[in-house]
């Protein structure tokens, strides 16, 4: 099975470039080797043809016997030449080759053959020609191929070394290309992750001068898009924050008057109605406060207050704080926390997120009788979990539950505005973490995963 890292686009590009470089190098070196070898043998072929033509001309002009004496005289000097002149009856008239090669016909313009020269103890490779003579005479003329074969062997060794060097260079080139592509893409991915976490001020690195490659064009386009998104979200945030502030003031005044009327009203149905109206006003004010807090968190407000602290101790403190309330509702609330468990976080915001989860568990999962608050170490950092044994939430509805004002059924609609989980999820994202819902079999488990202290913030 192919590892996951080799199924990435960068890995595919690297392999394609590597294969292209190797194929190009192999074809080029093979072509050079073939052309060089052909040229070496072409030189031998031309030399053999010239020697054969000269001897044929001498034999035709002076006769075989006179040509045999000239051949014997010429062969007194050592050299790479092989000559054999045979009479019609087969006996040797002249030459330095002991016998005619088996299977070599007369009339061949050029062929390779193994010949035994009289002054050499072993057979040698020759390029030979066997021109046709009149009267049944046979002539063999050859040039040694030993030098060409040594050059060919040296060339092959050099080509193999060159191919190995090409492999190394292709691998290095591919790795460098992969690093360049990965660095450019990773820069874009880091900016996208930061923007998703709420830091709308991040931008992709751009070239100092206009122009550039496709990555530079994409960087400019992405930065223009992010700038536009930042402006639009800023305008939306200003409108919503202004509206929330404008609504909070009259609601606060209305709540104060309702409380004053409730204190002065006589007992009975009117007083109960006033108290009910006050409760609704309290719910509306809480809703506005939560909506404003989510907007602030998603805008990245609070990162400057990140400090290192023990999140396990925070989980135990909140469990102790909620334990009396849990006992009143007949719930056993326990805490399981590894100590110490340092994170870099906004203590108040993280405390509020965990308190929201415990409050939700007491509100909707109290029927299960058990609620567990857990703080544990993970490979990536730390995890805070709140698990109950209640009815839980179907996996198909997890996305709805995490939306703002996302309320699933009538029972949950009666309990709140649907902002508690949204606020906790926004706080997790502010810290570079995630909030996930899981089946506790039975019940619901909510996990907040936070990065390691060296990566947080």
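Numbering (my numbering), first residue to last: 14 to 470.
C-beta atoms are modelled at their ideal positions from N, C-alpha and C, and glycine is treated no differently.
All figures in this text were calculated on a predicted structure; none of them were measured in a lab.
Of the choices the options, whose alpha-carbon is the least far from that of residue i?
| i | options | result |
| --- | --- | --- |
| residue 391 | 173, 209 and 351 | 351 |
| residue 386 | 411, 58 and 339 | 339 |
| residue 87 | 100, 72, 320 and 108 | 108 |
| residue 213 | 197, 240 and 219 | 240 |
| residue 403 | 393, 384 and 412 | 384 |
| residue 39 | 377, 176, 439 and 231 | 176 |
| residue 56 | 185, 147 and 157 | 157 |
| residue 319 | 143, 60, 364 and 113 | 364 |
| residue 242 | 151, 162 and 215 | 215 |
| residue 230 | 247, 205, 455 and 197 | 197 |
| residue 449 | 170, 410 and 235 | 410 |
| residue 395 | 173, 346 and 327 | 327 |
| residue 31 | 189, 174 and 66 | 189 |
| residue 29 | 187, 434 and 60 | 187 |
| residue 377 | 459, 174 and 439 | 459 |
Taking the beta carbon of residue i as the centre, do at least 16 other beta carbons fall within 10 Å, making it buried, or is it exposed?
| i | result |
| --- | --- |
| residue 359 | buried |
| residue 373 | buried |
| residue 92 | exposed |
| residue 139 | buried |
| residue 357 | buried |
| residue 132 | exposed |
| residue 453 | buried |
| residue 44 | exposed |
| residue 228 | buried |
| residue 457 | buried |
| residue 79 | exposed |
| residue 265 | exposed |
| residue 388 | buried |
| residue 125 | exposed |
| residue 111 | exposed |
| residue 143 | buried |
| residue 445 | buried |
| residue 59 | exposed |
| residue 181 | exposed |
| residue 423 | Low confidence applies to residue 423: its pLDDT is 47, below 50, so where it sits in the model is not reliable enough to give any reading. |
| residue 136 | exposed |
Going by the CB atoms, is the gap between residue j and residue i shorter than 9 Å?
| i | j | result |
| --- | --- | --- |
| residue 201 | residue 26 | no |
| residue 525 | residue 463 | This structure cannot settle anything about residue 525, because the visible part of the chain is limited to 14 through 470. |
| residue 367 | residue 461 | yes |
| residue 382 | residue 344 | yes |
| residue 401 | residue 437 | no |
| residue 128 | residue 119 | no |
| residue 130 | residue 81 | no |
| residue 153 | residue 114 | yes |
| residue 50 | residue 165 | yes |
| residue 106 | residue 98 | yes |
Run through the DSSP bridge pairs and tell me what residue i is partnered with.
| i | result |
| --- | --- |
| residue 464 | 394 |
| residue 386 | 348 and 399 |
| residue 243 | DSSP, once it has assigned bridges, lists no residue as partnering residue 243. |
- Minimum length 4: unbroken alpha helix (DSSP H) runs contained in the region 133-193: none
- Message: Runs of 3 residues minimum, wholly inside the region 56-111: which ones carry the beta strand (DSSP E) assignment?
- Response: Runs found: 94-99 and 105-108.
- Ignoring anything shorter than 3 residues or poking outside the region 313-379, list the beta strand (DSSP E) runs there in chain order. 320-323, 345-350 and 355-358
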